[in-house]
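Residue numbers (the working numbering): 1039 to 1297.
Quick reminder that beta carbons are idealized off the backbone N, C-alpha and C, glycines included.
Since the structure is predicted, the reported quantities are computational estimates derived from the model, not experimental observations.
The block underneath contains the structure these notes are about, expressed in structure tokens.
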């Protein structure tokens, strides 16, 4: 890890239009991510973690979400992503910044073979032929430790276990060697043994690729051994931040104690 900032977020506000009026989901969030660092964003469901992640990715519904804030910015390598068009964001998303979503069963396309889903982003972003992309997809399946990769590459998501589907999601997210990986609850619905394997895998690949990781979770125990820094989020606000040791051994905020 070094101190080279690759992502810098300032005064991010996100609200949603509802039948009951405007609801604030994120209220003035500030944080940064260094190259090769793991930053954990921890908080209970509904605190704004995933909304923040989707705002970074440009995945919030335009007709419902309002992104605001005086001087609000999501600065990636010197450019404000909030000012990007959808066309421009689509060239960043998956290539420079990737995301692992909460539920791999609903995130994967049930009608496409796993190999084709990995190869898709390689074809789009790396301008490679289908055959070259398939070879890269096979390498990625082996990289994430999926057994019998040559056979599995031709299978569909329903033929994979929960842990293997999550590994496939990681392979898709890392296929183009992004600078930032956002992992949104990557161990949800997995048993404890598989959780540890998935976190070890993300940690190993991060070191190999020198990727900056934003780890979104409600479980402090999951991030204890992998995060460099932790920030605690409550009701759309970051209430505490510090190194992993500071948060675990000297928490200041009552909400952090409760977590």
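>> If the criterion is Cβ atoms closer than 8 Å, does the pair residue 1160 and residue 1214 meet it?
In response: Result yes, Cβ atoms of residue 1160 and residue 1214 sit closer than 8 Å.
>> Could you check whether residue 1051 and residue 1064 sit closer than 8 Å to each other, using their CB atoms as the reference points?
In response: Contact flag set, yes.
>> Assuming residue 1207 is part of the alpha helix (DSSP H), what are its boundary residues?
In response: If you look at residue 1207, you'll find it in the alpha helix (DSSP H) that goes 1200-1212.
>> Strictly by DSSP, which residues pair up with residue 1272?
In response: Note: residue 1272 sits in a beta bridge opposite 1275.
>> Looking only at its chain, what residues have a beta carbon closer than 6 Å to the beta carbon of residue 1157, apart from the 5 residues adjacent to it on each side?
In response: So the list reads 1171, 1172, 1175, once near-sequence residues are dropped.
> So what does DSSP say about residue 1073, is it helix, strand or coil?
Replying inline: Reduced to three states, the DSSP call for residue 1073 is coil.
> Can you give the beta carbon distance from residue 1198 to residue 1152, rounded, assuming they're within the 8 Å contact cut?
Replying inline: The C-beta distance from residue 1198 to residue 1152 rounds to 7 Å, short enough to meet the 8 Å contact threshold.
>> Mapping the DSSP letters down to three states, classify residue 1153 as helix, strand or coil.
In response: Here residue 1153 sits in helix by DSSP.
> How would you write the range of the alpha helix (DSSP H) that residue 1176 sits in, first residue to last?
Replying inline: In the DSSP annotation of this structure, the continuous segment of the alpha helix (DSSP H) that includes residue 1176 starts and ends at 1168-1181.
> What is the rounded straight-line gap between the Cα of residue 1206 and the Cα of residue 1242?
Replying inline: So the alpha carbons of these two residues sit roughly 16 Å apart.
>> Comparing C-alpha positions only, which one of 1272, 1235, 1281, 1122 sits nearest to residue 1297?
In response: For residue 1297, the nearest C-alpha among the options comes from 1272.
> Is it the case that the Cβ atoms of residue 1069 and residue 1044 are separated by a distance below 8 Å?
Replying inline: Inclusion of residue 1069 and residue 1044 in the CB contact set at 8 Å is not warranted, their separation being larger than that value.
>> Closest to residue 1248 by C-alpha separation, out of 1072, 1129, 1201, would be which residue?
In response: Taking only the C-alpha atoms, the option nearest residue 1248 is 1072.
> Given residue 1227, which residues of its chain have a CB within under 8 Å of its CB, disregarding the five upstream and five downstream residues?
Replying inline: 1141, 1200.
> Between 1236, 1280, 1093, 1225, which lies nearest to residue 1111 when the distance is taken from Cα to Cα?
Replying inline: Residue 1093 holds the alpha-carbon nearest to the alpha-carbon of residue 1111 among 1236, 1280, 1093, 1225.
>> Within 10 Å of its beta-carbon, does residue 1265 have 16 or more other beta-carbons around it, so buried, or fewer, so exposed?
In response: Residue 1265 comes out buried.
> To which residues does DSSP link residue 1232 through a beta bridge?
Replying inline: BP columns for residue 1232 are empty, so no partner.
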